[in-house]
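Visitor: In our numbering, the protein residues as written are 338 to 686.
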Amino acid sequence: MRNHIEMPLRAELQEKTLYSYKMSPKEWDDLKQSDLKKSLTLPCCNERAVAKTSSLGTQFFAHYRNSEDCISKPESKEHLRLKAIVSSAAESAGWTVTTEYIGHSENGDKWIADVYCTKGKTKIALEIQLSSQTSKELNARHRSYVESGVRDAWFMKDSVYVNSGHSSIKSFPRFQVKHFMDDKATPQMSNYPLTVAQFVDTLLNGGLVWKEDTDEHVLYYMKSKCWKCKTDLNIPIGLGDTACSNFDNFIKTVPNCSNFYESLLAQVGNSDLERFGLTTIGAHPIKGNAPNFPYCVKCTSCQAPQTNAYTLRNYHQWSTNVGRDYHHIVLSNYSHNGRYELTALSKVK
């Protein structure tokens, strides 16, 4: 679990709570010039705070001096910007919002939500995740929310989303964001025709519906070993329709491997690949993968990327020995495989 909060959007001033994203530029400048600024404190540690503005134009609070005792640590200006946008949109959608909210699960794990939203008895944590984390770390954070009776949804940079797990689990929604690094651009959702602010409103007001996949496929895999740590691996090598086995598709070339794994990631997802005991997939533009074809499998133990050149070479050797008697898994209406789609009403908006 994350053991710190990021650059806060929230501070205390004479027993009143201030939210930086709610203040107009004039109010913000007035606060900076006022003698009251000396009374600003951070709720995380009660230390003195200072009002600042990032290079992307986001207003936020920070420590007046470095504090060794505080759990707060710096975050990127892009993270801060998205957190402010999500917070403002959630409040506009009719929810009560607290940023950098600290909570505890039943077993004592502490969690800190970027944007904590409540309405009646419903509690939702909205997380911005722009830095890389393993699926194990993300699952641990998600589990703490579940144990606390809090639903969670994640806004991820494209590459982080790809490397940490596809959003194929209904109870663990993850979404991709783009255009958040340029202050002249409006942050957008990667897979929905909406801005981040519009999507938050849609998400919190029931504008998404879960679409379950029902197709039956056969996923073929081979036995291999990690080039780095020598762990035994089950590597996906092909996908087919059980009704049309003559048209099954297997990896063929180094670029084709990337296309196959990118498609498999979208269709099946890392969460289910991991559940089936197979290697997961990520985007790794490294030597051994074709230029502009970065998708490959990762070791289940050390997480080292297995280049497509390495995988293809092993596949040719392995298939020569076993013929067409491949290991396989039948993917038939398996639980949680699908995606969130906009409702008809949301599309009209």
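Beta carbons are placed, not taken as given, at the ideal position from N, Cα and C, and that holds for glycine.
1) Going along the chain, which unbroken runs of the beta strand (DSSP E) with 3 or more residues stay wholly within the stretch 410-474?
2) Run through DSSP, which three-state label would Thr590 get?
3) Is DSSP giving Trp365 helix, strand or coil here?
4) Is the beta carbon of Ser656 sitting closer than 8 Å to the one on Cys563?
5) What is the residue span of the alpha helix (DSSP H) that Val608 lies within?
6) Hey, would you say Glu352 sits closer than 8 Å to Ser472, going by beta carbons?
7) Can you give me the C-alpha to C-alpha distance between Thr455 and His664, rounded to a whole angstrom?
8) Let me know the secondary structure DSSP gives Trp564 once reduced to three states.
9) Among Phe517, Asp520, Leu545, Ile574, which one has its Cα closest to the Cα of Pro510?
10) Could you tell me whether the Cβ atoms of Thr395 and Lys414 are closer together than 8 Å?
11) What three-state label does DSSP hand Asp489 in the structure shown?
12) Pull up the distance between the alpha-carbon of Met518 and that of Leu467, whole angstroms please.
13) For Gly675 versus Trp547, is the C-beta spacing smaller than 8 Å?
14) In three-state terms, what does DSSP make of Leu615?
15) Report the rounded CA-to-CA distance for Ser672 versus Thr523, giving the unit in angstroms.
16) By the DSSP assignment, the alpha helix (DSSP H) with Ala534 in it spans what residues?
17) Skipping 5 residues on each side, what residues in its chain have a beta carbon closer than 8 Å to that of Gln640?
18) Between which residues of its own chain and Gly440 is the CB-CB distance below 6 Å, once the five residues before and five after are set aside?
19) Could you check how far apart the C-beta atoms of Asp495 and Ser527 are, in whole angstroms? I think they sit under 8 Å.
20) The beta strand (DSSP E) with Leu350 in it runs from where to where?
21) Which residues share a DSSP beta bridge with Pro573?
22) Specify the secondary structure class of Ala627 as computed by DSSP and reduced to three states.
23) What are the boundary residues of the beta strand (DSSP E) that includes Glu384?
24) Roughly how far, in whole angstroms, is the beta-carbon of Tyr482 from the beta-carbon of Asp489, given that I think they are within contact range, below 8 Å?
25) Nearest CA to the CA of Asp538: which residue from Val387, Tyr358, Ser392, Ile422?
26) Can Ile572 and Leu649 be called in contact, C-beta distance under 8 Å?
Guide: Reading it off the structure:
1) 433-441, 447-456, 459-466
2) As a position in the sequence shown, residue 590 is number 253, starting the count at 1. Here Thr590 sits in coil by DSSP.
3) The residue you call residue 365 lines up with position 28 of the sequence shown. Looking at Trp365 - three-state DSSP - the assignment turns out to be helix.
4) As a working mapping, residue 656 is identified with position 319 in the sequence shown. As a working mapping, residue 563 is identified with position 226 in the sequence shown. Cβ atoms of Ser656 and Cys563: not closer than 8 Å.
5) The residue labelled residue 608 in the question sits at position 271 within the sequence shown. In the sequence on display, residue 608 carries Ser and not Val. Its alpha helix (DSSP H) spans residues 607-612.
6) In the sequence shown, residue 352 corresponds to position 15, counting from 1. In the sequence shown, residue 472 corresponds to position 135, counting from 1. In this structure, Ser472 does not lie closer than 8 Å to Glu352 by Cβ.
7) To locate residue 455, count along the sequence shown from 1; it is residue 118. To locate residue 664, count along the sequence shown from 1; it is residue 327. Their backbone Cα atoms lie some 48 Å apart in a straight line.
8) The sequence position of residue 564 within the sequence shown is 227, counting from 1. Correct three-state label for Trp564: coil.
9) As a working note, residue 510 is residue 173 in the sequence shown. The residue with the shortest Cα to Cα distance from Pro510 is Leu545.
10) Your numbering for residue 395 matches position 58 in the sequence shown. Your numbering for residue 414 matches position 77 in the sequence shown. Contact: yes.
11) As a working mapping, residue 489 is identified with position 152 in the sequence shown. The answer is strand: DSSP assigns Asp489 an E or B state.
12) Counted from its first residue, the sequence shown places residue 518 at position 181. Counted from its first residue, the sequence shown places residue 467 at position 130. Answer to the nearest angstrom: the Cα atoms are 11 Å apart.
13) Start at 1 with the first residue of the sequence shown, and residue 675 comes out as number 338. Start at 1 with the first residue of the sequence shown, and residue 547 comes out as number 210. Taking 8 Å as the Cβ cut-off, Gly675 and Trp547 qualify as a contacting pair.
14) Counting from 1 along the sequence shown, the entry for residue 615 is found at position 278. Here Leu615 sits in coil by DSSP.
15) Indexing the sequence shown from 1 puts residue 672 at position 335. Indexing the sequence shown from 1 puts residue 523 at position 186. With a pLDDT of 46 at Ser672, under the threshold of 50, the modelled position of that residue is not reliable, and the figure given next carries that caveat. Near 36 Å, if we compare the C-alpha coordinates of Thr523 and Ser672.
16) Residue numbering aside, residue 534 sits at position 197 when the sequence shown is read from its first letter. Counting along the chain, the alpha helix (DSSP H) containing Ala534 begins and ends at 533-541.
17) For the purposes of this step, residue 640 is taken as residue 303 along the sequence shown, with counting starting at 1. Result list for Gln640: Thr471, in chain order.
18) For the purposes of this step, residue 440 is taken as residue 103 along the sequence shown, with counting starting at 1. Within the same chain, Gly440 has close Cβ partners Trp448, Ser485.
19) Here residue 495 corresponds to residue number 158 of the sequence shown, with the count starting at 1. Here residue 527 corresponds to residue number 190 of the sequence shown, with the count starting at 1. Correct: roughly 6 Å between the Cβ atoms.
20) For this step, residue 350 is matched to residue 13 along the sequence shown. Element bounds for Leu350: 347-350.
21) Locating residue 573 in the sequence shown gives position 236, where the first residue counts as 1. Bridge partners of Pro573: Tyr558.
22) The count along the sequence shown starts at 1 and reaches residue 627 at position 290. Coil.
23) Residue 384 sits at position 47 when you count from the first residue of the sequence shown. Taken as a continuous stretch (DSSP letters only), Glu384 belongs to no beta strand (DSSP E), as it is neither H nor E.
24) The sequence position of residue 482 within the sequence shown is 145, counting from 1. The sequence position of residue 489 within the sequence shown is 152, counting from 1. Their Cβ separation, rounded to whole angstroms, is 4 Å, which keeps Tyr482 and Asp489 in contact under 8 Å.
25) Along the sequence shown, read from residue 1 onward, the residue named residue 538 stands at position 201. With distances taken between Cα atoms, Asp538 lies closest to Ile422.
26) For the purposes of this step, residue 572 is taken as residue 235 along the sequence shown, with counting starting at 1. For the purposes of this step, residue 649 is taken as residue 312 along the sequence shown, with counting starting at 1. No, the pair does not count as a contact, with Cβ atoms beyond the cut-off.
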